[in-house]
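Just so you know, the sequences run in chain order X and C. Numbered by this note's numbering, the letters in the first sequence go through residues 10 to 162 in order. Numbered by this note's numbering, the letters in the second sequence go through residues 2 to 162 in order. For glycine and all other residues, C-beta sits at the position ideal for the given N, C-alpha and C. This one's a predicted model, so the numbers in the text were calculated from it and none came from an experiment.
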Amino acid sequence: MTATPAATPSTPQTVQPIAALQAALAAEHAAVYGYGVAGALLTGGNQQAALADWRSHEEARDTLEAMIVKLGATPVAASAAYTLPFAVTDARSARRLAAALEDGVTQGYLGVVAVSDTTLRTFGALAMQTPAKRAAAWRGTTEAFPGMAAGTT
Amino acid sequence: MLAASTTTLPLFLALSACAGPNPLAGPPPLSADVRGLFDAVTDEQNLIWIYKRTMASYSAMAPTLGALLAEHEAHLTQLRAMIVEPPGKTVPAAVTKKPAVPAAAATAVAQLHAAEQSASTAQLRRLGRAAAPLAQLYASIAASEATHLTALSALAARSPG
């Protein structure tokens with residue numbers, strides 16, 4: 010007799026590594042694009058922070074592309090343009106956008122945690138901590154469940 | 002996007018799932034997922050205890066610490082909600098670590114920082130053997146605790162020694 014999970018009816022137990030990594034890569038592409046928009050509306054220290062974050066997302070994008078190629082797949086390409094989640098017209102909305110971009114990347118890496126491979130799980134879990142910290146910095150507050158869908162807790 | 006949410010992770014973990022009763026077999030062993038959840042619950046309870054004690058000693062830090070405490074209480078609520086308790090079995094409720102609150106504010110914050118770091122690392126250690134939705138919950142909580150480290154570092158920088 011052993012204790013077992015009783016049911017997991019609506020959430021898949023595991024996902025395919027390539028699909029999860031591609032989703033994370035797509036989020037990184039969006040972040041690279043979005044920081045270009047946000048950075049143009051920020052000044053001073055905020056602009057410097059946006060520039061540093063933009064470069065970090067480029068590095069993360071390159072890392073994910075290399076991982077996907079190593080798995081034998083073609084990395085998803087960046088879109089020519091992205092629809093922003095809301096109008097970005099000033100520094101305040103630019104900071105909101107930066108936080109939203111980081112939330113998206115955090116969510117992307119949380120998807121990687123759902124794969125069965127332990128190494129990839131750990132990679133996803135560690136990788137999501139950096140955008141979670143950036144999101145908190147841009148937002149000015151921490152969150153109880155970074156990467157989880159908003160409004161569900 | 003591979004989204005996860007705490008309400009769409011219906012991982013209800015039963016403490017027993019017996020194919021048939023065997024009165025001589027003793028209590029059923031807990032599954033790895035349930036053991037991990039029990040450990041995670043205990044870790045959160047320990048964190049909540051130390052936050053409350055620190056806030057009681059250093060009221061000036063209560064606004065910052067209170068926000069982090071509220072998130073740990075949310076973690077605990079979510080972790081406990083993942084477990085179905087059959088009659089006669091209960092999720093651990095005891096605090097297992099009760100360190101003294103240091104006499105200096107900076108040292109007290111450093112103690113919280115160390116506790117958060119330890120808890121976050123423990124969440125990551127649980128990933129490998131957990132069901133996927135549970136692993137995502139652990140990872141999300143670990144990320145939350147990582148953001149707490151940043152908040153505590155900022156608090157330490159402006160706290161008197």
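Cβ of X/Val97 within 8 angstroms of Cβ of X/Trp63? no
Identify the continuous alpha helix (DSSP H) that holds X/Met76 and give its terminal residues. Gly53 to Lys79
X/Met157 (DSSP reduced to helix, strand or coil): strand
Apart from the five residues just before and just after C/Pro93, which ones in its own chain have a Cβ nearer than 8 angstroms to its Cβ? Phe39, Val42, Thr43 and Gln46
Quick check: is the beta carbon of X/Gln138 nearer than 8 angstroms to any beta carbon in chain C? yes
Are C/Ala136 and X/Val122 touching if we call contact CB-CB under 8 angstroms? yes
Which residues mark the beginning and the end of the alpha helix (DSSP H) in which X/Gln25 is found? Counting along the chain, X/Gln25 falls outside any alpha helix (DSSP H), and DSSP gives it neither H nor E.
For X/Gly45 and X/His66, I'd like the C-alpha separation in whole angstroms. 11 angstroms
Assuming the contact rule is C-beta atoms closer than 8 angstroms, C/Leu153 and C/His114 should be a hit. Round their C-beta distance to whole Å, please. 5 angstroms
Looking at the C-beta of X/Ala12, does it have a partner C-beta in chain C at a distance below 8 angstroms? Low confidence applies here, because X/Ala12 scores a pLDDT of 32, under 50, leaving its location unreliable and the question unanswered by this model.
Determine whether the beta carbon atoms of X/Leu50 and X/Asp112 lie at a separation below 8 angstroms. no
Who are the Cβ neighbours of C/Ala33 in its own chain at under 8 angstroms, not counting the five residues just before and after it? Arg130 and Ala131
I need the straight-line Cα distance from X/Glu74 to X/Ala39, nearest angstrom please. 14 angstroms
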